[in-house]
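To start, the structure itself, in structure tokens.
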Amino acid sequence: MHFSAQEEYGLRCLLRLASQSSDRSATLQQISSAEGISLPYAAKMMRILREGGVVISVRGQSGGYSLSRSASDITVAEVMKILGGRLFEQEFCDEHAGKEDTCTHSVDCSIRSLWRSMQSVVDRLLARTTIQDLVSTEEQMDSFVEDLVVLTGYLNEPRKAVHPSSR
45 MHFSAQEEYG
55 LRCLLRLASQ
65 SSDRSATLQQ
75 ISSAEGISLP
85 YAAKMMRILR
95 EGGVVISVRG
105 QSGGYSLSRS
115 ASDITVAEVM
125 KILGGRLFEQ
135 EFCDEHAGKE
145 DTCTHSVDCS
155 IRSLWRSMQS
165 VVDRLLARTT
175 IQDLVSTEEQ
185 MDSFVEDLVV
195 LTGYLNEPRK
205 AVHPSSR
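Counting the sequence shown from 1 gives a position; our numbering is that position plus 44.
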């Protein structure tokens, strides 16, 4: 499981815009150069983000791209939905059924239960994190995420799990 380059570069483009003053826009060339991505790929990212409603574009001499609203009002969950990034989708099981048309575990799958739970935790963390939160240093973000994880109870001491077969 992993996020794709599209999610990574899309977030980087948004962070580039969020780190500027709110009255300035950035050109594709500036975004591309600053983030080390090709101009066509930067254009693709900005088109997707504009169509998703988190970026606006202005044509003309002083045109460019800017956030459609405050970085503190745009969650990472919203951006990931626009960019298509999820770790687990139910369709995954259908697409990776093996030799058969249907997975042999389609009726009762303990693995699917784990993937769904992981996705739920990730979704909740991303929904609580804004683009403004990401405009920080790695050390600051490490601290923020740790606090967020502790606050939500995801980092509590591991409980002594009862093996499912002994219930």
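Backbone N, C-alpha and C fix where the C-beta goes; we use that ideal spot for every residue, glycine too. Since the model is a prediction, treat every value here as computed from it, not as a measurement.
Below 8 Å between beta carbons: does that hold for LEU170 and MET124? Taking 8 Å as the Cβ cut-off, LEU170 and MET124 qualify as a contacting pair.
Consult DSSP for SER82 and reduce its assignment to one of helix, strand or coil. In the three-state scheme derived from DSSP, where H, G and I count as helix and E and B as strand, SER82 is classed as coil.
Exposure of SER108, with buried meaning 16 or more beta-carbon neighbours within 10 Å: The sequence given here has Gly at residue 108, not Ser. With a threshold of 16 other beta carbon atoms within 10 Å, GLY108 meets it and is buried.
C-alpha gap between ILE92 and THR174, whole angstroms: Cα to Cα, ILE92 sits roughly 18 Å from THR174.
Relative to the alpha-carbon of GLN64, which residue among GLU190, GLN176, GLU183 and LEU195 has its alpha-carbon at the smallest distance? With distances taken between CA atoms, GLN64 lies nearest to GLN176 out of GLU190, GLN176, GLU183 and LEU195.
Alpha-carbon spacing of VAL194 relative to GLU183, whole angstroms: Distance between the alpha carbons of VAL194 and GLU183: 17 Å.
How many angstroms separate the CA atom of PRO84 from the CA atom of MET90? So the alpha carbons of these two residues sit roughly 10 Å apart.
Cut-off 7 Å between Cβ atoms - residues of its own chain near GLU52, not counting five sequence neighbours on either side: In its chain, beyond the 5 residues on either side, no residue has a beta carbon closer than 7 Å to the beta carbon of GLU52.
Where does the unbroken alpha helix (DSSP H) through VAL102 begin, and where does it stop? Careful: VAL102 lies outside any alpha helix (DSSP H), inside the beta strand (DSSP E) at 99-102.
C-alpha distance - ARG156 paired with ILE126, whole-angstrom precision: The alpha-carbon of ARG156 is positioned some 24 Å away from that of ILE126.
What residue ranges within the stretch 154-187 form continuous alpha helix (DSSP H) runs of no fewer than 4 residues, ordered along the chain? Counting only runs of 4 or more, we get 154-171 and 175-178.
In this structure, does DSSP put SER77 in helix, strand or coil? Three-state result, SER77: helix.
Decide if ALA49 is buried, meaning its Cβ has at least 16 other Cβ atoms within 10 Å, or exposed. Here ALA49 is exposed, its C-beta having fewer than 16 other C-beta atoms within 10 Å.
Our contact map puts VAL120 next to SER69 with C-beta atoms below 8 Å; I'd like the distance itself, whole angstroms only. In fact, because the Cβ distance is near 22 Å, the residues do not count as touching under 8 Å.
Roughly how far, in whole angstroms, is the beta-carbon of LEU111 from the beta-carbon of ALA87, given that I think they are within contact range, below 8 Å? Not confirmed; about 17 Å, so no contact.
Which term fits GLY80, buried or exposed, when burial requires 16 or more other beta carbons within 10 angstroms of its beta carbon? Classification of GLY80: exposed, given that the 10 Å Cβ count is below 16.
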